[in-house]
Amino acid sequence: MRMPRGFYCGIRQLCATIGLAALIGLITPHAYAAGGLSISNPDGAAVRALVIGIDDYQHVRKLKGAVADATDIVTSLKNMGVGDVVVLTNAQADRASVLREISALVERTKNNDLIFLSIAGHGTQEPERVKGSEPDGMENVFLLPGFETTPTGSVERVLGSEFNHFIRQFELRGARVIFVADTCHGGGMVRDIDPRAAEMSFRQVPRYTLLVDELKPVSDSNDPKSELDLDHTAFLAAVDRYTKAPEVRIPGIDGLRGALSYAVARAVEGSADINHDGKVTLKELFSNVRQVVYQLSDQRQNIVTISSPPQTPDTDVAFELTRGVVLIQGPAARAASGPAGSGGGRRGTGARATGCHGQGTNHSDPCRGGDQGTSDRRRAGASPPRCTNPAGGARRQDKLFCKREAKGCSRAGGSTDGQSRPDLGSRVARRDRVGRRGRLRDRRCELADGSRSDSGNS
3 MRMPRGFYCG IRQLCATIGL AALIGLITPH AYAAGGLSIS NPDGAAVRAL
53 VIGIDDYQHV RKLKGAVADA TDIVTSLKNM GVGDVVVLTN AQADRASVLR
103 EISALVERTK NNDLIFLSIA GHGTQEPERV KGSEPDGMEN VFLLPGFETT
153 PTGSVERVLG SEFNHFIRQF ELRGARVIFV ADTCHGGGMV RDIDPRAAEM
203 SFRQVPRYTL LVDELKPVSD SNDPKSELDL DHTAFLAAVD RYTKAPEVRI
253 PGIDGLRGAL SYAVARAVEG SADINHDGKV TLKELFSNVR QVVYQLSDQR
303 QNIVTISSPP QTPDTDVAFE LTRGVVLIQG PAARAASGPA GSGGGRRGTG
353 ARATGCHGQG TNHSDPCRGG DQGTSDRRRA GASPPRCTNP AGGARRQDKL
403 FCKREAKGCS RAGGSTDGQS RPDLGSRVAR RDRVGRRGRL RDRRCELADG
453 SRSDSGNS
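All residue numbers for the sequence shown refer to my numbering, where the first residue is 3 and numbers rise by one.
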């Protein structure tokens, strides 16, 4: 049977979407954060971040997804428990502000800290300033909102060598760095429309010439010549030096986005923990982000990942994932912890016990051995209360009663946290039945003894 035109194409696209959902959790977004998962530094120090995203360029073509990229990464970091996060978007990201915030971050950095640096916006290349620093003689440049080819506008950019300068400052303070560059660094290519997409822009501007350059780069004699001269830094770049970085459409997400930034945000939330051991190695981070970007871009984008020569991607941990325990305290527990409930209240339930139907009683719980409770007594070193049959039966029946009560208590889990217990009425009824059976047994024993003594006398 002949299939309709486009049928196989649609099936292939559906399969790719399902595979992507399984890879990064599109079906349940932010599931890791909602589950109490948080990101932590494997060295036990702080995690800090500076995130920059620029769409609103004043003199070159505007972008559509860089600010959304920055917002997404910031949201993921904060949801994962990172407190020291600074974000600069659009007009906030002028050169003075960028240098001020990155310098302040260097000052806050302590030994063993983990630093996230993320930039999203236009990138280009210029002739290198330090001879031999780049293999093709061209230096990567990140453009800021006010950039133009005039003397004043030439200041509004950050050179790749300047980023390396600040990264070296982080490393000298004992920190590790993860640097994400969601820009286009391809040389000689202009932004255009990808023929496979109805609408797609690229994060690159045409090559330009500065007749007057008033930029005074931040540098010193200890600056690394290239990324390979750094010691504790992992780089993730959107594309290589000869390719352009597209903005793509992501299923379930409005507007265009940078595939690299989106993939990094999901990796931070836990999708990069491939073997689910709570530790994301550099290899896991690189591999997960690369696969997600490749699928999101419909196989048109291959990211570049670089680790410093002293690092071992297979074993070096980029970050860890820890699941916190959230203690929820009910009204009764809050009352018990206050002045009114501080005298002899049952732990986790306040001064009044709550039955499984939510009705309060002043009754001491047999499963707990009174208001204090058996588990509390054992922790305090006291012996548990003796189990007795209040209805008064034979000794064997006492043991039976105790076993049944113990079995009921084990079902209730000790009732230490206000969970449901067997209904109080059912326990009392069961106790009364046991007591009646004990009394009937005693009566039968008495009658049997009497009959035997009568037959002996006769």
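We treat Cβ as the ideally placed atom computed from N, Cα and C, and that holds for glycine.
Asked	Found
Measuring only the C-alpha atoms, how far is residue 94 from residue 161?	18 Å
List the DSSP bridge partners of residue 281.	322
Between the C-alpha atoms of residue 248 and residue 269, what's the straight-line distance to the nearest angstrom?	20 Å
What's the gap between the Cα of residue 45 and the Cα of residue 84?	15 Å
What are the residues that DSSP puts in a beta bridge with residue 117?	50, 179
Considering Cα atoms alone, identify which of 280, 212, 111 is closest to residue 156.	212
Expressed to the nearest angstrom, what Euclidean distance is found between the alpha-carbon atoms of residue 394 and residue 325?	In this prediction, residue 394 scores a pLDDT of 46, lower than 50, which makes its location untrustworthy; no coordinate-derived value is stated.
Given a cut-off of 8 Å on the beta-carbon distance, is the pair residue 264 and residue 74 in contact?	yes
Measuring straight from C-alpha to C-alpha, what distance separates residue 229 and residue 117?	16 Å
In or out: residue 277 buried (at least 16 other Cβ within 10 Å) or exposed?	exposed
In the DSSP assignment, what residue or residues form a beta bridge with residue 249?	260
When burial is assigned at 16 or more other CB atoms within 10 Å of the CB, is residue 216 buried or exposed?	exposed
Determine the burial state of residue 59: buried for a count of at least 16 other Cβ atoms within 10 Å of its Cβ, exposed for fewer.	buried
Residue ranges of each beta strand (DSSP E) run of no fewer than 3 residues wholly in the stretch 65–99, ordered along the chain?	86–91
Let me make sure I understand the geometry here. Which of 65, 177, 280, 89 has the alpha-carbon closest to that of residue 52?	89
Given this structure, state the Cα-to-Cα distance separating residue 303 from residue 260, to the nearest angstrom.	11 Å
Using a Cβ-Cβ cut-off of 8 Å, state whether residue 75 counts as contacting chain D.	The structure shown contains no chain D, having only a single protein chain.
Report the CB separation of residue 236 from residue 309 in whole angstroms; it is logged as a contact under 8 Å.	5 Å
So, for residue 183: in the same chain, excluding its five sequence neighbours on each side, which residues have a beta-carbon less than 6 Å away from its beta-carbon?	121, 239
Return the first residue and the last residue of the alpha helix (DSSP H) that residue 168 is part of.	162–174
May I ask which residues mark the beginning and end of the beta strand (DSSP E) holding residue 217?	Segment: none, residue 217 is in no beta strand (DSSP E) and carries neither H nor E.
Pull up the CB-CB distance for residue 222 and residue 177, whole angstroms please, since I reckon it's below 8 Å.	Incorrect: roughly 18 Å between the Cβ atoms, too far for contact.
Skipping 5 residues on each side, what residues in its chain have a beta carbon closer than 8 Å to that of residue 99?	90
Going by C-alpha distance, which of 66, 131, 128 is nearest residue 255?	66
Looking only at DSSP bridge pairs, what is residue 238 linked to?	182, 307
At which residues does the beta strand (DSSP E) containing residue 40 begin and terminate?	39–42
Can you tell me whether DSSP reads residue 55 as helix, strand or coil?	strand
Given residue 257, which residues of its chain have a CB within under 7 Å of its CB, disregarding the five upstream and five downstream residues?	66, 67, 70
Nearest to residue 56 by CA position, among 317, 220, 146, 252, is which residue?	146
How is residue 159 classed by DSSP in three states: helix, strand or coil?	strand
Is the beta carbon of residue 148 closer than 8 Å to that of residue 164?	no
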